[in-house]
Structure formats: C-alpha cells, structure tokens
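Chains as they are written, first to last, in my numbering: chain U, 105 to 454; chain V, 105 to 454. Beta carbons: idealized from backbone N, C-alpha and C, even for Gly.
There are 2 protein chains.
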Amino acid sequence: MVTLAEVARHAGVSASTVSYVLSGKRPISGPTRQRVRASIEQLGYQPHAGARALASSRSRIIALMVPLRTDMYVPVMLEIAVAVATTARAHGYDVLLLTGEEGPSALRRVTGSGLAEAVILMDVQLDDERLPVLRAAGPPAVLVGLPGDPAGLDCVDLDFAAAGALCVEHLAALGHREIAVIGESPGVYARHTGFAERTLRGLRERAGRLGLRLLHRPCEGGHDAVAGVLARIFDERPGVSAFVVQNETAVEPLLALLRRTGRAVPEDVSVVAVCAGQVAAQASVALSSVAIPAQELGRRAVERLVAGLARQDGDARPDAGRGPGVELLAPTLTVRDSSGPPPPPSGVRN
Amino acid sequence: MVTLAEVARHAGVSASTVSYVLSGKRPISGPTRQRVRASIEQLGYQPHAGARALASSRSRIIALMVPLRTDMYVPVMLEIAVAVATTARAHGYDVLLLTGEEGPSALRRVTGSGLAEAVILMDVQLDDERLPVLRAAGPPAVLVGLPGDPAGLDCVDLDFAAAGALCVEHLAALGHREIAVIGESPGVYARHTGFAERTLRGLRERAGRLGLRLLHRPCEGGHDAVAGVLARIFDERPGVSAFVVQNETAVEPLLALLRRTGRAVPEDVSVVAVCAGQVAAQASVALSSVAIPAQELGRRAVERLVAGLARQDGDARPDAGRGPGVELLAPTLTVRDSSGPPPPPSGVRN
DNA sequence: CTGAAAGCGCTAACAT
DNA sequence: ATGTTAGCGCTTTCAG
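Following this line, the structure appears as structure tokens:
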C-alpha cells in the first residue's frame, strides 16, 4: 500500500506538505504542488480512510437509515437513497446504509464510534423512537419526513397537506362535488406515519373550504382489498364522481375495478393520485397526480446536512442551506388522462 | 470521547487486555473480563472505527453497488439491499452504499483507501466494465447476477434459465401448446443484462423439448407499449393460450388489456410471471409466478463474502459458504389464480 | 512557504 | 493470563 510518507519521499518534500497539498489548508507554491501531484499520480496514492478519520475526527461518512419494512413507497425509497448517495458523493461524502431494524442503537453505534459523522433518517414516524437519541446531544441529522414535534430537528419533506389541497382544488375546478379518498393501509395510519395524516388534513381542509363532500377510507393494497373498499364507498356515497388515491398498490386495482364496473375514466369518474411519478405515468390510464419528489428530497437532505457540517467547521457562509428547521417542498400536480369534468346529472346522460 | 486507555485505567488493567476482551483473541480470566466489561458499560465506551481500521487493516465495511438507473426490478433491488445490510450486520459488518454512477473508479476508491474491504455488485451486465477491476488483484467480491464470463468470480443469482423452463413446464402440464413471452424492455436486452437472456434460453429450450411453440417479444412497461405488443402477438399467433411475463411494469397492463378484449384469466388465457413475489400476489388476478428470491440473494451474497474474508484470516473451516464460484438458486413456481387449462378448441366452447 | 514531530485510538507482536 | 510497546497512516500544531 502506498502511504503519504512514500509520496513525500518521492516528491522530495515532507509529509505535511503532501497533506496540505491534498487538503488545501495552507498555501503551497506552484512548483511543489505540481511535483507532489505528479508523485501522487505516479504512485497511485490513495489516502487511507481510517487513518484520516482517526487523525481528523471526521469520517466523511453519512449514515442513511432506511425502513426495514419495504411495504410502502418502495420505488420512492430507493430513489431517495440513490439521490442521497449521489449528492453525498458530490460533496465528498460516502453513505453508510442502515436498516430500521437496529433502531436507535444503530444510530448510537455508528455515531459513537465515529463511523458516521451525521445521519439521515427516512420514513420518520410521528413519535419516532430514534428522535430522543438525536435531540440528546446527538449527531447532525436530517429527517426525511416530519415527526409530530419537529422542534430542534432538521426536516425535509413534501408538503403533503398542500398536496392534498391541490388534488381537491383540481377536482373542484373541474366541477366535482363529492370525492372519495382511497387512503394508505390501516397499518400506516396505526403507525402514525405523518405524511398520510397530513395529506388527509389537506384534503379535508380544502374540501371544507370549497364545500365539497369528502369520504376517506384506508385501504390495503391488492385487488381484493380495493374491491371491498370501493364497493362500500359507492354504497355509502353513490354521488362520488372522483377519487384521490394515496397507495401505489391500490392504483391499478382501482382502475381495473372501475373499468369492470363499467365506469370510464375520466368520463364517468376522475382519479387523482399522490404517488411516485413513474407509477402515475405508467398506469393503465395515465394518472393526473402529485408526484413524490424523491430525488429532490434526497438531494435536499444531504445539502442541509453538509451545510450544517460546514457550519460546525466555522464556515460561516450565510448562503448554504438556509439553516436548520423544517423545509416542506411545494407539491406539483401534473394533469394527465385520468381527470376531467364529472358526468352530467344522472338521467341526462347522452 | 471515551477511549480504550480510559477503560483500561478504570478497570485497572492494561490497554491490550481491554482490546483482547473485546476481540476474544486471547484468553482472559473470568474476573478481569467482568471488570473490563463493567468499565466499558459504565463509561459507555465505543471503539473508534477509524482507529480500529488503521491498526488492524480491516474496516469491517462491505461496499454495495446498486444500479443508478432505477427502471427495473426496483422493489427487488431495495429488498436485496436491505437483506445485504441486515445480513452484514449479523456478521459484524456495515454496508457502504455506492451507486453505479461512479462505475469502476468507485470500486478502486473505496477499496484502495481501505474504506471497504469487500464489495457486492448488483445488476451485473454480461460484459460489465467493473469486472476488470475485480479480476486484477481486486478486493474480495460477490456479484449478484451473472456476467458473460464468470471465471474467477464469485456470483449468486436466481437460476433464470431454470425459472423459464419451470414456467413452460407448468403451462405444458396444463395442456398449453402455444405460448407468448412478454419480455423485458428492449433496453434491457441491449444492455445485455444476463438474466433476461438466460430466462429466454430456459423458456426456449424447454419449449423445444416439449414441442411447444414459443413467441418472444421484448416490451416496454406501461399500458400503451403492452397494448401494441399484445396486438401484434395475437395477430401473429392467434392460437396463443398462455403468456409468460418478465417485466413487472407490464403485468397490470397485460391483465387489463386481456380483460378489456374479453379474455378471461385463466379461463381463456393463462399468465405466468417471473417477478417479485409481492407483485404477483397483489396483481388484479393473483399470478402464478416464479418469484425473485431477493432476500435470499442478498443474504447469500454476504455469507459468501464473509466466508471468503474468514478464509483470508486463516479460518480454514471447511463448512462456510462452499467456496467461490457460481451459485444459482433454484427457482420455485407458486401456483396462484392466473394459470389453468387452455380453453377447448374454438367452436366447442360451452 | 515548508519541515519536524506529536499525537489520534487501537491492535498485535513481544515480553513475562 | 496479563503487561509493555511499537507502530498503523494521517493531520496539525509548533518552529522556522
């Protein structure tokens, strides 16, 4: 293995000079820098990560904790993870993959051992058990998602409430007066995953303001579960002319069932989804939808973390990352083929 | 930060004793071990990862390279990644997440810097550009997937050829004589991703042996693409009574289109899939399918890697991991609701 | 602008 | 069974 000392000897300089060429932490004359660079190149030198971490107390590693349970928003999770890794690299960091399984102790472990100098948490619950660890003099952290009490924490998420409102608004503008919401599976609500409840709040609030009727039903994924829920909805509210879906695995079953029961989309009923953009675009009827901005979420999480770490170093630049706090990304609704005006009142159908 | 030296002082022993209590690399008397353990506990000591890596030249980190492009088998990819992380932890390793983006250089980087001591590569292409790095005195590595020439490499994958054969066999046993294959998107074949071609080979070979007609068509995901392919298939081969699908995003569109064109599944046509188990189970008609054993793949990859690393250490145990080479997991076909006997010859329908 | 040298915290001979 | 000690490779004072 090539060491810094060998590079130094080869270049005819001291070890510290090589180090400073690498870090740029002090001015090095042009010629020396050239020679050192050449030696590094020739010898194929690569700094030893462990030695660096030991001497500098900075591992340049960010831990990313993904949920163990992969039952929800799976493509989105992967996309966020990949965006985190990519963005982290762009800032000189590597990413350590942790699963939710180990829970809070994993955070203590990677953080206490100096393995990771910061963490990003995905799939945050309203009263997440990992949060106490973070508040108690924890490491720099950014949550993707919003806990019940985000005080003192750094969070990035889609503004799901606004997303819900946006869906209602879109449907209201088309003339719909009665909407049904096919929600996440009951388990998601039971776990108090914030985004589901926030979406619902946004839906309800805007529906209330615009005077629409709104019916919400949690729903498991899969064809049979959706069939049951759908039947109950039409039973309770025959006047429903539009659906908002927030469960990727319910999307296709819903479309299939509507088709089978002779309801054309969007002629007879409209459907709007809050889900991964790809899912919406590739559905058997391209769905008008609010996409989860997975890449953006991953990217922002890293950027905020890196800004925070720089701040620690005394990089008092006022620009990067607008400081800690909650950052909610504004939702965008993409209109595709699944939403249109409601059918004319029954009996008047042409 | 609590150091090993402090623990040693607190316990009234030398630093090496503490180290050995931790590593178990030499016998320590019961009493001393107790005292050291107690001190560790009380002081909340955590070994410094960097210092350890430096002194021992073992980082206890495995790099996992996932494809950047997330267009295929996405849930499976995440499931593998999570299984890798979980299994690695069970063996005392952590996992570094790399994206395909950086390519071969990422391998050199994490490996040359001692950051990771071994790597797992996912989504391996037939002539993967990362392989030369591995063969050339590279780090211990396991591929999830099969390259064109696996010589000298350690690989784990589903036996896709056997999976294809299994599908044909199942359909043949039901009485089908003419089968169509909805393949992966053309891009996948163009990239020479091995599994798609191996599946096809298995399908063809078994179909040939059993005297079935087989028609293969690559297919993009999404409703429109599937519609086009399906139309062409029925045009060319009106006698087709069964489909094998190997593209998760084509599954629901296919089912929807069959339904719409008045073909009942499985009464009129059978459908068998090679895809994630969850997708098959949750489809609008529960699909008979060969599942991709994601967890098993991730688990085996780590186990083989760890076995290899132990072998390096001189752990000449004959058991663990059956040595390097190619390990193909046997496929399992789960019969669900989408496959049955073909309809009686036309004109005889009841 | 550059060098010398003292650690960073841990492991693993080498002792006893 | 335990202690002593010499590094592992790098960063960062302290000195010029």
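Terminal residues of the beta strand (DSSP E) in which residue i lies
{"i": "Cys323 (chain V)", "result": "It is not in any beta strand (DSSP E) - Cys323 (chain V) carries neither H nor E in the DSSP assignment."}
{"i": "Val169 (chain V)", "result": "The sequence given here places Met at residue 169 (chain V); Val does not occur at that position. Segment 165 to 170, the beta strand (DSSP E) holding Met169 (chain V)."}
{"i": "His224 (chain U)", "result": "Here residue 224 (chain U) turns out to be Ile, not His, going by the sequence shown. 222 to 225 is the span of the beta strand (DSSP E), which, as asked, contains Ile224 (chain U)."}
{"i": "Ser374 (chain U)", "result": "374 to 379"}
{"i": "Val349 (chain U)", "result": "346 to 349"}
{"i": "Val394 (chain V)", "result": "392 to 395"}
{"i": "Val410 (chain V)", "result": "From DSSP, Val410 (chain V) is part of no beta strand (DSSP E) but of the alpha helix (DSSP H) over 398 to 416."}
{"i": "Val199 (chain V)", "result": "198 to 203"}
Residue-chain proximity (residue i, chain V), Cβ-Cβ < 8 Å
{"i": "Leu316 (chain U)", "result": "no"}
{"i": "Ser388 (chain U)", "result": "yes"}
{"i": "Ala424 (chain U)", "result": "The predicted model places Ala424 (chain U) with a pLDDT of 47, which falls under 50 and marks its position as unreliable, so this point remains unresolved."}
{"i": "Ser289 (chain U)", "result": "no"}
{"i": "Met181 (chain U)", "result": "yes"}
{"i": "Thr438 (chain U)", "result": "no"}
{"i": "His152 (chain U)", "result": "yes"}
{"i": "Gly116 (chain U)", "result": "no"}
{"i": "Gly325 (chain U)", "result": "yes"}
{"i": "Ala368 (chain U)", "result": "no"}
{"i": "Thr297 (chain U)", "result": "no"}
{"i": "Leu172 (chain U)", "result": "yes"}
{"i": "Asp198 (chain U)", "result": "yes"}
C-beta neighbour in chain U for residue i, strict 8 Å
{"i": "Ser442 (chain V)", "result": "no"}
{"i": "Glu205 (chain V)", "result": "yes"}
{"i": "Pro357 (chain V)", "result": "yes"}
{"i": "Thr365 (chain V)", "result": "no"}
{"i": "Leu219 (chain V)", "result": "yes"}
{"i": "Ala284 (chain V)", "result": "no"}
{"i": "Ala119 (chain V)", "result": "no"}
{"i": "Arg130 (chain V)", "result": "no"}
{"i": "Arg193 (chain V)", "result": "yes"}
{"i": "Val140 (chain V)", "result": "no"}
{"i": "Gly451 (chain V)", "result": "Because the pLDDT of Gly451 (chain V) is 49, which lies under 50, any placement of that residue in the model is unreliable, and the question is left without a value."}
{"i": "Ala189 (chain V)", "result": "yes"}
{"i": "Ser163 (chain V)", "result": "yes"}
{"i": "Leu108 (chain V)", "result": "no"}
Where the alpha helix (DSSP H) through residue i begins and ends
{"i": "Glu233 (chain U)", "result": "Counting along the chain, Glu233 (chain U) falls outside any alpha helix (DSSP H), and DSSP gives it neither H nor E."}
{"i": "Thr191 (chain V)", "result": "178 to 194"}
{"i": "Ala434 (chain V)", "result": "Neither: Ala434 (chain V) is in no alpha helix (DSSP H) and is coded neither H nor E."}
{"i": "Arg113 (chain V)", "result": "108 to 115"}
{"i": "Thr455 (chain V)", "result": "The structure shown has nothing for residue 455 (chain V), since chain V only spans 105 to 454."}
{"i": "Glu145 (chain U)", "result": "134 to 147"}
{"i": "Leu158 (chain U)", "result": "153 to 160"}
{"i": "Pro208 (chain V)", "result": "208 to 216"}
{"i": "Leu126 (chain U)", "result": "119 to 127"}
Burial state of residue i, where buried means 16 or more other Cβ atoms lie within 10 Å
{"i": "Pro171 (chain V)", "result": "buried"}
{"i": "Met181 (chain U)", "result": "buried"}
{"i": "Glu145 (chain U)", "result": "exposed"}
{"i": "Ser143 (chain U)", "result": "buried"}
{"i": "Asp258 (chain V)", "result": "buried"}
{"i": "Pro131 (chain U)", "result": "exposed"}
{"i": "Pro244 (chain U)", "result": "buried"}
{"i": "Thr438 (chain U)", "result": "exposed"}
{"i": "Pro435 (chain V)", "result": "buried"}
{"i": "Ser118 (chain U)", "result": "exposed"}
{"i": "Ser161 (chain U)", "result": "exposed"}
{"i": "Ala222 (chain V)", "result": "buried"}
{"i": "Met105 (chain V)", "result": "exposed"}
{"i": "Pro448 (chain V)", "result": "exposed"}
{"i": "Pro446 (chain V)", "result": "buried"}
{"i": "Gln138 (chain V)", "result": "exposed"}
Item to complete: Tell me the start and end of each unbroken beta strand (DSSP E) in the segment 240 to 299 of chain V that is at least 3 residues and wholly inside, in chain order.
Response: 245 to 248, 259 to 262, 282 to 286
Worksheet entry | the segment 153 to 165 of chain U / the segment 197 to 209 of chain U touching (three or more Cβ pairs under 8 Å) | Contact between the segment 153 to 165 of chain U and the segment 197 to 209 of chain U is present, because at least three Cβ pairs lie under 8 Å.
Fill in: the segment 313 to 322 of chain V / the segment 278 to 294 of chain V touching (three or more Cβ pairs under 8 Å)
yes
Discussion item. Across the segment 261 to 270 of chain V and the segment 392 to 399 of chain V, are there enough close Cβ pairs to call them in contact, namely three or more that are closer than 8 Å?
Written reply: yes
Discussion item. Is it the case that the segment 271 to 286 of chain V contacts the segment 337 to 347 of chain V, given that we only count it when at least three CB pairs across the two stretches are under 8 Å?
Written reply: yes
Practice prompt. Please determine if the segment 228 to 236 of chain U and the segment 295 to 303 of chain U are in contact, where contact requires at least 3 C-beta pairs separated by less than 8 Å.
Written response: yes
Worksheet item: Is the segment 207 to 218 of chain V touching the segment 212 to 223 of chain U in the sense that three or more CB pairs, one from each, lie closer than 8 Å?
Response: no
Item to complete: Indicate whether the contact test is met: 3 or more Cβ pairs, each with one atom in the segment 360 to 367 of chain V and one in the segment 380 to 387 of chain V, closer than 8 Å.
Response: no
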